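Read through the structure below, which is laid out as structure tokens, and then see the notes.
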Amino acid sequence: MLWVEAESLAGQNNAEPFTVVENSTASNGEYLTTPEGMDSRTDSPPEEGRVSFEVELENSGEHKIMGRISALSGSNDSLWIRIDDREWQQWHYDLDSFVSSFGMGWAWDNALDNEFEAEAGTHTFTIAWREPQANLDKLLITDAMDYEPEGTGGEENVEVSGGGDSSTSTGTSTGTSTGTGTASGE
Ligand SMILES: [Ca+2]
Ligand SMILES: [Ca+2]
């Protein structure tokens with residue numbers, strides 16, 4: 002099982018406007034989100050506001066990717082996600098009920114509607130923001146299709162590049178760098 006703290010991705014070049022928020026109910030005490038009032042409900046993912054990580058899959062075959070998520074409403078509950086250079090997909094959080102305040106109502110949700118097929122080896126996952134305040138705490142990639150994580154899940158075991166500075170400050174950087182970060186998983 003491969004576990005990634007979403008906030009570990011926040012230091013990457015194209016991460017903004019993704020920001021990190023501290024919250025005691027989040028795994029590792031932090032989660033990734035985008036600011037209120039922003040909107041990226043377009044037909045394709047924005048160029049800015051992308052984070053990525055690499056994992057090493059042990060086996061070929063069916064896998065799933067899940068996220069520990071929370072959302073205030075149906076207007077705050079979607080991201081974009083892509084595996085390698087496959088088609089971008091919209092990830093609409095599947096929540097039984099939306100929470101009324103931050104820090105409540107975390108749930109584990111399948112990031113793709115169905116399982117995905119992948120060969121053993123290195124694969125890159127890229128996540129882009131779509132709706133504001135779509136909170137993402139942690140990610141799981143596994144081929145244990147029946148496994149349902151509980152609570153905050155397992156310890157982060159994927160090494161993420163650009164993740165050393167998971168600062169809560171958004172700063173005023175206006176960098177124009179392109180490309181996505183990479184990382185070596187285990
Ligand atoms: Ca929505
Ligand atoms: Ca977290």
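With the numbering used here, the residue at position 50 of the sequence shown is 51, and numbering never jumps.
We put the beta carbon where it would ideally sit given N, CA and C, even for glycine.
Remember, predicted model here, so these are calculated numbers, not experimental data.
Pairwise C-alpha distance: residue j and residue i
i      : j      : result
Glu55  : Asn158 : 12 Å
Glu23  : Gly30  : 6 Å
Asp44  : Trp130 : 12 Å
Asp78  : Thr20  : 16 Å
Gln134 : Leu58  : 30 Å
Gly152 : Ile70  : 11 Å
CB of residue i within 8 Å of CB of residue j, strictly
i      : j     : result
Asp138 : Trp92 : no
Ile128 : Ile82 : yes
Glu132 : Ser76 : yes
Asp85  : Thr35 : no
Leu140 : Ala27 : no
Val161 : Leu10 : yes
Buried versus exposed, by CB contacts within 10 Å (16 or more), residue i
i      : result
Met67  : buried
Asn115 : exposed
Gly164 : Confidence in Gly164 is poor, its pLDDT being 48 and thus under 50, which makes the residue's placement unreliable; the coordinate value appears in the next sentence. So Gly164 counts as buried.
Residue i - DSSP class collapsed to helix/strand/coil
i      : result
Ser79  : strand
Glu120 : coil
Glu23  : strand
Leu113 : coil
For ligand 2, which residues have a Cβ under 6 Å from at least one heavy atom, in chain order? Close to ligand 2, as judged by a C-beta nearer than 6 Å to any of its heavy atoms, are the residues Glu6, Ala7, Glu8, Ala27, Ser28, Asn29, Glu31, Tyr32, Asp138, Lys139, in chain order.
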